[in-house]
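Asks:
Protein chains: 2
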Amino acid sequence: MGNADFDHQYSHHHQRVEIPPPKPFLKTLMSNVKETLFPDDPFRKFKNQPLSKKISLGLQYFVPILDWAPRYNFQFFKADVIAGITIASLAIPQGISYAGLANLPPVIGLYSSFVPPMIYAMLGSSKHLAIGNVAVPSLLISAMLGKFVNPHENPNLYLQLVFTATFFAGVFQASLGFLRLGFIVDFLSHATILGFMGGAATVVCLQQLKGILGLVQFTHQTDILSVMRSIFSQMHQWRWESGVLGCCFLFFLLLTRYFSKKKPTFFWISAMAPLTSIGYLKKGINPPSYSQLAFSSQYLTIAIKTGVVTSVIALAEGIAVGRSFAILENYDIDGNKEMIAFGLMNIAGSCTSCYLTTGPFSRTAVNFNAGCKTVVSNIVMATAVMITLLFLTPLFHYTPLVVLSSIIIAAMLGIIDYNAAIRLWKVDKYDFLVCVSSYIGVVFGSVEVGLIVAVAMSLLRVLLFVARPKTFVLGKIPNSMTYRSIEQYSVASSVPGVLIIHIDAPIYFANASYLRERISRWIDEEEEKQRTSTEIELQYVILDMSAVGNIDTSGISMLEEVKRIADRRCLKVLLANPGGEVMKKLDKSNFIDTIGKEWIYLTVGEAVNACNYILQTCKFQSKRIDSSATPDDNV
Amino acid sequence: MGNADFDHQYSHHHQRVEIPPPKPFLKTLMSNVKETLFPDDPFRKFKNQPLSKKISLGLQYFVPILDWAPRYNFQFFKADVIAGITIASLAIPQGISYAGLANLPPVIGLYSSFVPPMIYAMLGSSKHLAIGNVAVPSLLISAMLGKFVNPHENPNLYLQLVFTATFFAGVFQASLGFLRLGFIVDFLSHATILGFMGGAATVVCLQQLKGILGLVQFTHQTDILSVMRSIFSQMHQWRWESGVLGCCFLFFLLLTRYFSKKKPTFFWISAMAPLTSIGYLKKGINPPSYSQLAFSSQYLTIAIKTGVVTSVIALAEGIAVGRSFAILENYDIDGNKEMIAFGLMNIAGSCTSCYLTTGPFSRTAVNFNAGCKTVVSNIVMATAVMITLLFLTPLFHYTPLVVLSSIIIAAMLGIIDYNAAIRLWKVDKYDFLVCVSSYIGVVFGSVEVGLIVAVAMSLLRVLLFVARPKTFVLGKIPNSMTYRSIEQYSVASSVPGVLIIHIDAPIYFANASYLRERISRWIDEEEEKQRTSTEIELQYVILDMSAVGNIDTSGISMLEEVKRIADRRCLKVLLANPGGEVMKKLDKSNFIDTIGKEWIYLTVGEAVNACNYILQTCKFQSKRIDSSATPDDNV
């Protein structure tokens, strides 16, 4: 084998598995809480600084504009102005369209592109995020609130509820940030969001068929079956001229987008194109709306529920978009701080006639491509929108619904990312399943059904993963001391008389009984195999604990049961490489004494060597092995 | 270092990390489903058997009595009769007491000790489980149903709802078993059940103060504050004679139990003691009750909800108890099969005037200690109960409430296992927290609140563990090729210029952004440290993937981001020992090409050797390292 020197070296003075030094309980607790709630360690730079520096750092932390404003220069400003005007030209038609999705007056969409971006510019940590209202939460608002209050029959109450929902969305977002619970958003996986957004975009497009076909009556349901029934039941009322106009405009929009992708300088055309369709709007900037927050309404719980659900979706989109562009430009985004910024921006918005806003992907991508340098582009955009509100609105005429519908469809088609879905299928089938389920939930059920399906599927995945960890048998890689999965490595060969089981997950209550079941099945199968062959009888079971990051009391009971099962079959159990946390708990629960300290090894290789040594010594002495012999006695 | 030979050997013809051979999608899917739903592989013994053998094995699988009946002998029978009579003497008073907890007529408790044990004897796979009604689900039934139907004002409707709830409990249990969803019960961790049971026992004891103090009026709430208020507001109505009698009887019961623990032969006295208190009961065995199942009642949903909640608690207790004794006697219990047995037994019970039954711990322990050999002891018990029902009931007199209360308190005090709670505190603080939370939830809130708290805490633990995995830095163990946590091993020393980060969990959407954050913080800290020292500059980051059992698409994006972050700081990222599943996905997503195949090593040791080789070669050639150099080019 060529390892004789090694056996010698390892078995004589090998390193014992250490139990980490005990830490006081409070210290452990504090470090765990810190790791859970402050994974980015925001206090790091405050350490060892004088008080004045600490205060100025603290202010810069909460109001990032103080951090970068002193370094702002004219070069940056020029770039930001260009980018700001570009996104304003996108924000105006999009704001109007999405307000329509939420069944709100068009001007609310413009208001929402004025105050919130200003607030975000002070507090936000992303340089590229462009703030505004977005399609999916808009649709969700009308779906959730519209069930209780008809926006056409009772527009004032509906508007009040929308502002109230926005207020609670802001409060919820800011609280998540203050309580450092940002990781809740992480539980909406990429696949979930992909499917959910795709489904919502499909639903939004389907709804636009009303405008494109010039229909007057339309279903209030959002699922595809109701929409199709509604459309095909009134075929005689289709207005073909409206359809042709809509398709042409849509084609024009898609064409400009196609060219802008081919050649970035065409972005201007793509961004400006929707501008040709702005219609008549009320003059004047945002009126205050704090007196309209309906805290004593009978629909308060509905408003709170709508606020919480839409705020999570908005957060997930805004943070994901912000992070993507931050990585492209190599700076960091603090999720919790972003949540506070989003939250305060929405609270302020709800008091100034705005509804829910976040950082939409399309607008941010345009902002980035137009060369923005800092969040000042948001201020420029807001100023442009303000000027529009103050002076330009009377210049515009009535916009046909068909044009707004085309704008929405063009934006939505970009959101349905089927290439990403195909990639999911190729790389991870379960992720694809999650994605498709939430898509189907949205399109065939409703936006809420899709959301519930998506969250449930994501949670199920986490639970299933914890409940059913992988275990596999290890074999020796030739010419090394390394042991690896026999399934993965064709060259790995099993060791006669020794079964090495690798447990590939922490041992928790949720998987303890499964692991017990699975390990005894591995032993059964191995004994079966060796009964039919002429190989040496199975005598040792090595549990490779390298990947067992933690263990709880149920897990320790499981190990004790495995030990008992093995004892009854006259098998010896060895542990290889248990981690610090595991060793601590095994020690406290006295399992180390149960199994015997001398049967715990630093590596699988050392454990196998110990087994082989005894096997050989005993073969020499007698045929039957004394299972109580310890390697240390013999070596 | 003494490892020169090794470096040579490893770097020249070292084993590459293999991507496991691709499996067809359907095969992977089938094997995953099988591992999830059939972890015990029940079909194993059916393989390669003739059809007739298969049929007989199948029958034995579903009706285990066919398996062991042919081997049954007179020795077994003698032991089972003694054990059966012993548990019957416990079952009669306990049945009456617990029926009282559920606000049911006492005789229902006796009925429940007749039919269900008979059914279980045919279908169950445990040899020692003694079947009967139990305290906690009884209390839950009266708490959940009593809110809607007053058992004293409307006893018939209440009884119908109890039977209906029992029916649905049975259907739910059997479906869980048939659908192989037994693992749902695993999510109630040991700590959760410990706290929940302790809390429920406390609540039950508090309720018995009504009987002990001889009070007529009593609160319908179960929380400790309401009970205390109710008791101390009517101090003038306390009947001291009743209190004294109750305490004496309780003392007698505890004394006999104490002696039976000291000397197992005293078990008879402990078990017989409660028998002295049986009162007057209606004569005759179970009347049929299937016509009383209230499927069309307006309270049907309440009955279903009660059935589902109580069935899960009953299952958790029954399966945990069965498994504990099976391990003591070295045989296996099939959780899913047990669920089917429990389910069918409760469906049958609901049609024969029984309410929810399971395998209670106290009765099973007595059964085991009385020396039972097979489940025939249940048949003997059922027969004894039947004889009591047919002939003996008129002999007994009215039993004072105070005696029943004492019996219940004595049984409940055994359930409150504070030693186990202390052990939890010592071994695992979070488990202790879960246990205490569910205890407090039950005692200060209600049984349902406690249950919700307990399940939520258990789920939170799983989610937190997935969301916040451990990462740590590895160092070299002297005189070996092994790298281990610097925190755990005091002898481990870090390698200059190389940062080795061990990721101790699968990389999923739920932890991807945390890990990105944490890894970049490790790099920051390492660069900080090396800036202040005179050591060699940080140039390599090795990610030890040994414990990364799986990765999803969000995880792969995370690795890509880490790669980009490292690139920007002119650091080279290496992977050590990615597992089969991970390699497959890294390959499909082209991440292997991104990082470069030559930067993936089988062990941390090999990765470090490669880094060191380049560091030394380059130091020799120039001061600045060309980060595009691959080790294979150089070696």
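The listed protein sequences derive, respectively, from chains A and B.
Just so we're aligned: the first sequence equals residues 1 to 635 in UniProt numbering.
Just so we're aligned: the second sequence equals residues 1 to 635 in UniProt numbering.
Note that beta-carbon positions come from the ideal geometry of N, C-alpha and C, so glycine has one too.
Starting from V573 of chain A, follow the beta strand (DSSP E) in both directions and report where the run begins and ends.
Replies: K572 to A576
Asks: Going by C-alpha to C-alpha distance, which of B:I319, B:L209, B:A201 and B:Y120 sits closest to V402 of chain B?
Replies: Cα-wise, what sits closest to V402 of chain B is B:L209.
Asks: Look at the alpha carbon of G322 of chain A and the alpha carbon of G359 of chain A, and state the distance between them as a whole number of angstroms.
Replies: 7 Å
Asks: Tell me, please, which residues DSSP counts as bridged to S485 of chain B.
Replies: B:L474
Asks: Just to confirm, is the Cβ distance from V548 of chain B to P506 of chain B under 8 Å?
Replies: yes
Asks: Using a Cβ cut-off of 8 Å (strictly closer), state whether D552 of chain A contacts chain B.
Replies: yes
Asks: Can you give the Cα-Cα distance for S291 of chain B and G146 of chain A, rounded to whole angstroms?
Replies: 45 Å
Asks: CB G243 of chain A to CB L213 of chain A, shorter than 8 Å?
Replies: yes
Asks: Identify the contact partners of P22 of chain A in chain B, using a Cβ-Cβ distance below 7 Å as the criterion.
Replies: The premise fails here: P22 of chain A is roughly 12 Å from chain B at the closest Cβ pair, so nothing lies under 7 Å.
Asks: Check L179 of chain A in the structure and name its three-state DSSP category.
Replies: coil
Asks: Run the CB neighbour count on K585 of chain B, radius 10 Å, all protein chains shown included, and call it buried at 16 or more, exposed below.
Replies: It is buried - the Cβ of K585 of chain B has at least 16 other Cβ atoms within 10 Å.
Asks: Could you compute how far the alpha carbon of D41 of chain B sits from the alpha carbon of K34 of chain B?
Replies: When the Cα atoms are used, D41 of chain B and K34 of chain B turn out to be separated by approximately 8 Å.
Asks: Would you decide whether P24 of chain A is buried or exposed? Buried here means 16 or more other CB atoms lie within 10 Å of its CB.
Replies: When all chains shown are included, P24 of chain A counts as exposed.
Asks: Output needed for A303 of chain B: all residues of its chain with C-beta closer than 6 Å, excluding positions within five of it in sequence on either side, in chain order.
Replies: Cβ neighbours of A303 of chain B within its own chain (closer than 6 Å, five residues either side excluded): L161, T164 and A165.
Asks: Mapping the DSSP letters down to three states, classify R375 of chain B as helix, strand or coil.
Replies: Note on identity: in this sequence residue 375 of chain B is Val, with Arg being the wrong assignment. Residue state for V375 of chain B is assigned as coil, using DSSP reduced to three classes.
Asks: I231 of chain B by DSSP, collapsed to three states: which one?
Replies: helix
Asks: Evaluate N609 of chain B with the Cβ neighbour count: other Cβ atoms within 10 Å of its Cβ, from every protein chain shown; 16 or more gives buried, anything less gives exposed.
Replies: buried
Asks: Between B:N103, B:V573, B:D80 and B:F251, which has its C-alpha nearest E153 of chain B's C-alpha?
Replies: B:N103
Asks: Are the Cβ atoms of K563 of chain B and T594 of chain B separated by less than 8 Å?
Replies: yes
Asks: Kindly list, in the order they appear in chain A, the residues whose Cβ is closer than 8 Å to that of K588 of chain B.
Replies: K426 and V427
Asks: In three-state DSSP terms, what is V17 of chain A?
Replies: Of the three classes helix, strand and coil, the one that applies to V17 of chain A here is coil, per DSSP.
Asks: Grab the span of the beta strand (DSSP E) containing Y540 of chain B for me, first residue to last.
Replies: Y540 to D544
Asks: Reducing DSSP to helix, strand and coil, say where L615 of chain B ends up.
Replies: helix
Asks: With a Cβ-Cβ cutoff of 8 Å, do V185 of chain A and L315 of chain A count as a contact?
Replies: Yes, the pair counts as a contact, with Cβ atoms nearer than the cut-off.
Asks: What does the Cβ neighbour count give for L255 of chain B, buried or exposed, with the cut at 16 atoms within 10 Å?
Replies: It is exposed - the Cβ of L255 of chain B has fewer than 16 other Cβ atoms within 10 Å.
Asks: By how many angstroms is the C-alpha of P155 of chain B removed from the C-alpha of I108 of chain B?
Replies: 13 Å
Asks: Residues bridged to Y158 of chain A by DSSP?
Replies: In the DSSP output, where bridge partners are listed per residue, Y158 of chain A has none listed.
Asks: Could you check the C-alpha separation between K305 of chain A and S175 of chain B for me, to the nearest Å?
Replies: 34 Å
Asks: Tell me which residues share the same chain as I231 of chain A and place their Cβ nearer than 8 Å to its Cβ, disregarding the 5 neighbours each side in the sequence.
Replies: Here the set comprises L209, L213 and L215.
Asks: If you follow the beta strand (DSSP E) that residue 636 of chain B is in, where does it begin and where does it stop?
Replies: Given that chain B is displayed from residue 1 to residue 635, the structure contains no residue 636 of chain B and the question cannot be resolved.
Asks: Who are the neighbours of M481 of chain A on chain B, taking C-beta pairs under 8 Å?
Replies: M481
Asks: Taking C-alpha atoms, which residue in B:T482, B:G177 and B:M197 lies nearest to S138 of chain B?
Replies: B:M197
Asks: Cα separation between Y111 of chain A and L344 of chain A?
Replies: 16 Å
Asks: I need the straight-line Cα distance from V385 of chain B to S113 of chain B, nearest angstrom please.
Replies: 7 Å
Asks: DSSP state of I65 of chain A, grouped into three classes?
Replies: Helix at I65 of chain A.
Asks: Do the CB positions of G445 of chain A and A454 of chain A come within less than 8 Å of each other?
Replies: no
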